[in-house]
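Structure first, commentary second.
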Amino acid sequence: MAEGFRFCDVGLPVPVDRLFTYELPLTMRAHAGPGSRVLVPFGARKLSGVILDLHNQAPVHETREVIAVLDERPVLDAGLLTLARWIAEYYCSPIGEVLKSMLPLTGETRRAIQYALTESGREIARQLTRAAESDSAPRVLALLAERPLSLDTLSKKMGSVRPILRSLIKRGWVTAEDYRQERDPLRASAVRLEAEFLRRPDGESQLNKNERELLAFLELHPGAHNLAELAKLVKRAGQAGRELARQGLIRLEVEGLRWGAGYERPMHELNDAQQRAFTGIRDALEGNQFQAFLLQGVTGSGKTEVYLRGIEAALALGKNALLLVPEIALTPAVAGQFFHRFGKQVAVLHSAFGDAERADQWRRIRDGRARVVVGTRSGVFAPVQNLGLVIIDEEHDGSYKQQETPRYHGRDVALMRAKQASAVAVLGSATPSVETRFNADRGKYALLALPERIARRPLPEVRIVDLRTEFLETKQQTTFSRALLDEMQQRLALREQVMLLLNRRGFSSFMVCRACGERMMCANCSVVLTWHKRDRRMLCHYCGHAEKVPVKCPNCESDYIQFLGTGSERVEDELHRHLPTARIARLDRDSAAGKGAFERILQSFREGDTDILVGTQMIAKGHDIPNVTLVGVVLADIGLSMPDFRAAERTFQLLTQAAGRAGRGAAPGRVIIQTLNPDNYAIRFAAAQDYEGFFQKELEFRKWMRYPPFSACANVLVRAEKQEDAMAMAAQLEFVLNPPPPDIRVMGPAEAPVARLKNEFRYQILLKALKRPALRAILKDLRRFAEKEKWPATALMIDVDPISLV
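In terms of the numbering used here, the sequence shown has 576 at position 411, counting the first letter as 1, and numbering is strictly consecutive.
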């Protein structure tokens, strides 16, 4: 820490692109450093922010004082602060909001006010007689003479004490102090704690009998032991263990969630392609310089084993590793394999943890006790020390893009973090994003190819079913074609398993009145409501607004209401009708909403207790279940009609990834893709599992339209509760951008595809620039204009490198 600095520049979580300078009281200067959180006054509020700089240069304006330093040691190190500045610059985001997104999932410290005696208060307390202590004020003094106490503790002992405390503070006998305490993992339940011997006590032992017995047992039995199990051997093991840990004689840690059962994969010999990939990564690690690889392998080609070997090589060199997965849904499968290989060296950043567990995981990473970190998008900010290897699994996945400010892309931030740490970065995918593969072809990343499945297993056979022809031949509009139903029946007869993909939640897509054509719309958004039959409600998938299903048309009061369109709920219902003896489960955001629900559903399917798993895109990602021999895509066209230049790419990736779930065991796999657009190039290339063909076709389209990777893009959106205000602001931006700079193309302003969202009207402008510095400059101009015109803080939204224009 830098003692003596008088002022600090603080990033606060407000939508203003600047730092705020505060004065540090003399007593705090030894504790404040860059990366520490502080509590500061901001207008009439108190906000916590992060210190970026310390200095002695007094600002021209009057400064206010820091209220408290919230951390004994910085929560963000110098590397993460450098990364924060880069994110703010690249994504045109306020630095304070960037810093807020980087902070641990839960605070490392708890902050409260505690009351303590002043010197004069101690003197008064010493003079008290026993008789005087029966009165309220003297009793408070007597209690505080033993140790400082919080208001809650005093209230429990004495009832209402606020008036007494105010009086004692006014007399100068008591002071209210800011109190900080690290979250204590030792407060967790003994069932969740592991104990491990560290050392014997120094000098003459002051331990009681239970503490001596527990310490002796742990010394004789090295390794970690569950504290609740130890209670069967030693009386009051929980209490004894916590006291031994406080004295530093044993280590107590929260076990955290452990994934392992059903996910183990034995180490196997690498094939030639895997060996070449691993060798390239290992050699780069030994070079101690930044290098990025694209590990492109067909589904089932053994990319995870290459990751595991690469991490082993990093650990052998004394370096640590960070693995990112796109969704929480993938974390159990990946973490299970990594626990199996690396044991307690693994830390997992997962929302299934409680506060104490998350704080403990973060502390283990920061202190270097966890050397392999597995996490989702925000895991890129984990405090990994001596970072040597960064792996971004399924790098193409849109879940890596943050949809709220700051709108960073986890993949690109991970690449920058690896570059700043001189680490090796590996981007893995069977269907790399067009930009990533383009960069590899240009030499920015080294390409490592895995062209075959492990053990030379064949890719699944894929058949396209034209639903137009199906209807003409059967005269029935049905969810399942004859081919798909026949295949499912065959697989069930063979005791094999089936996955069915429909990337749409709910039972029916919308409700329509057949008399007047009225559709039931969301009250807050310009989208139709989806019928969720299980919950008996109409639901907006954008804002969460819900309504009861009407008995009559709200517009004309007709009884002729019809539900159209198919969602995953309806698929599950129809399966029960067609295949009544099959064991069927559904996996989507609705069914997996409860704690542990996702793991339970998938584990049941993995263990063979479920025959058919119906789901949205959640089932298409990363799952390796050997007994799945059939994958059916109920309707491949969902998403193709979206007004977004990435629609074809996303469709191709989803279909290819879904197809890759079939035939990963001994039995060959088969895929049936049902579609109304069998000639669409995304569907044709996905059916052929031809990434190279799709990439070249898509690249031609992008080049012709000057979309990424042939330009740098930003989506500029204005929003307001009144439509006329949104239109006026959009017109102002149009004026600022006219005429546009030479190398920038301006598209819009126009209504956003979802013109009204969460009670705000939205207009957008798409900017395409040949050079990124030019784009960055004009985005800064727009932000400065909005601040100068005093627009509401949330009126202007800038999304750099957008993955969706909806």
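Ideal Cβ placement from N, Cα and C applies to all residues, glycine included. Note that the coordinates shown come from a computational prediction; the quantities given were computed from them, not determined experimentally.
Given this structure, state the Cα-to-Cα distance separating residue i from residue j, to the nearest angstrom.
{"i": "alanine 524", "j": "isoleucine 530", "result": "10 Å"}
{"i": "glycine 462", "j": "arginine 364", "result": "49 Å"}
{"i": "aspartate 300", "j": "alanine 307", "result": "10 Å"}
{"i": "glycine 563", "j": "lysine 322", "result": "54 Å"}
{"i": "glycine 286", "j": "leucine 333", "result": "9 Å"}
{"i": "isoleucine 968", "j": "glutamate 814", "result": "11 Å"}
{"i": "asparagine 445", "j": "tyrosine 565", "result": "Residue identity check: residue 445 is glycine in the sequence provided, not asparagine. Roughly 26 Å separates the two Cα atoms."}
{"i": "glutamine 440", "j": "glutamate 470", "result": "10 Å"}
{"i": "alanine 611", "j": "glutamine 861", "result": "19 Å"}
{"i": "leucine 767", "j": "arginine 331", "result": "58 Å"}
{"i": "glycine 413", "j": "alanine 512", "result": "22 Å"}
{"i": "glutamate 737", "j": "arginine 670", "result": "11 Å"}
{"i": "proline 206", "j": "proline 190", "result": "14 Å"}
{"i": "leucine 316", "j": "phenylalanine 546", "result": "36 Å"}
{"i": "glutamine 456", "j": "leucine 264", "result": "27 Å"}
{"i": "arginine 871", "j": "leucine 970", "result": "16 Å"}
{"i": "glutamate 626", "j": "leucine 632", "result": "19 Å"}
{"i": "proline 808", "j": "methionine 686", "result": "20 Å"}
In three-state DSSP terms, what is residue i?
{"i": "glutamate 273", "result": "Residue placement at glutamate 273 is poorly supported in this model, since its pLDDT is 44, which falls under 50; the coordinates are not used for a value here."}
{"i": "serine 301", "result": "helix"}
{"i": "tyrosine 472", "result": "helix"}
{"i": "serine 325", "result": "coil"}
{"i": "isoleucine 216", "result": "strand"}
{"i": "aspartate 802", "result": "coil"}
{"i": "histidine 741", "result": "helix"}
{"i": "glutamine 412", "result": "coil"}
{"i": "isoleucine 963", "result": "strand"}
{"i": "glutamate 1047", "result": "One cannot answer for residue 1047 here, as it falls past the ends of the chain, which runs 166 to 971."}
{"i": "glutamate 434", "result": "coil"}
{"i": "serine 543", "result": "helix"}
{"i": "glycine 176", "result": "strand"}
{"i": "asparagine 903", "result": "coil"}
{"i": "methionine 783", "result": "helix"}
{"i": "isoleucine 629", "result": "strand"}
{"i": "threonine 601", "result": "helix"}
{"i": "phenylalanine 207", "result": "strand"}
{"i": "phenylalanine 443", "result": "helix"}
{"i": "glycine 913", "result": "strand"}
Can you tell me whether residue i is buried or exposed? The criterion is at least 16 other CB atoms within 10 Å of its CB, across all chains shown.
{"i": "isoleucine 278", "result": "exposed"}
{"i": "threonine 859", "result": "Reading the sequence as shown, one finds phenylalanine at residue 859 and not threonine. By the neighbour-count rule (16 or more Cβ atoms within 10 Å), phenylalanine 859 is buried."}
{"i": "alanine 195", "result": "exposed"}
{"i": "tryptophan 869", "result": "exposed"}
{"i": "aspartate 774", "result": "exposed"}
{"i": "leucine 659", "result": "exposed"}
{"i": "valine 356", "result": "At valine 356, the pLDDT of 47 sits below 50, so the modelled position is not reliable; the number obtained from the coordinates is stated separately. Flag for valine 356 reads exposed."}
{"i": "phenylalanine 185", "result": "buried"}
{"i": "threonine 840", "result": "buried"}
{"i": "aspartate 966", "result": "buried"}
{"i": "cysteine 678", "result": "buried"}
{"i": "histidine 1039", "result": "This structure cannot settle anything about residue 1039, because the visible part of the chain is limited to 166 through 971."}
Looking at residue i: is its Cβ nearer than 8 Å to the Cβ of residue j?
{"i": "leucine 694", "j": "glutamate 712", "result": "yes"}
{"i": "alanine 475", "j": "arginine 447", "result": "According to the sequence provided, residue 475 is glycine. The question's alanine does not apply to it. Yes, Cβ-Cβ distance for glycine 475 and arginine 447 is below 8 Å."}
{"i": "isoleucine 557", "j": "glycine 593", "result": "yes"}
{"i": "proline 199", "j": "alanine 243", "result": "yes"}
{"i": "aspartate 182", "j": "arginine 701", "result": "no"}
{"i": "glutamate 361", "j": "asparagine 391", "result": "no"}
{"i": "alanine 812", "j": "isoleucine 629", "result": "no"}
{"i": "valine 901", "j": "alanine 891", "result": "no"}
{"i": "alanine 442", "j": "leucine 613", "result": "yes"}
{"i": "glycine 176", "j": "glycine 214", "result": "yes"}
{"i": "arginine 618", "j": "glycine 465", "result": "yes"}
{"i": "isoleucine 909", "j": "leucine 932", "result": "yes"}
{"i": "arginine 849", "j": "serine 691", "result": "no"}
{"i": "proline 715", "j": "glutamate 683", "result": "no"}
{"i": "alanine 396", "j": "asparagine 375", "result": "no"}
Hey, does residue i have any beta-carbon neighbour from chain B nearer than 8 Å?
{"i": "methionine 193", "result": "Among the chains of the structure shown, chain B does not appear; only one protein chain is present."}
Going along the chain, which unbroken runs of the beta strand (DSSP E) with 3 or more residues stay wholly within the region 822-896? Within the region 822-896, the complete beta strand (DSSP E) runs of at least 3 residues are 835-840, 877-885.
What runs of the beta strand (DSSP E), each 3 residues or longer, lie entirely inside the region 547-588? Counting only runs of 3 or more, we get 552-558.
Quick check for students: name the residue ranges of the beta strand (DSSP E) that lie wholly in the region 355-410, counting only runs of 3 or more. Fully enclosed beta strand (DSSP E) runs of 3 or longer: 358-362.
If you scan the region 634-717 from start to end, which runs of the beta strand (DSSP E) of 3 or more residues do you find wholly inside it? Listed in chain order, they are 662-666, 675-678, 695-697, 702-704, 711-713.
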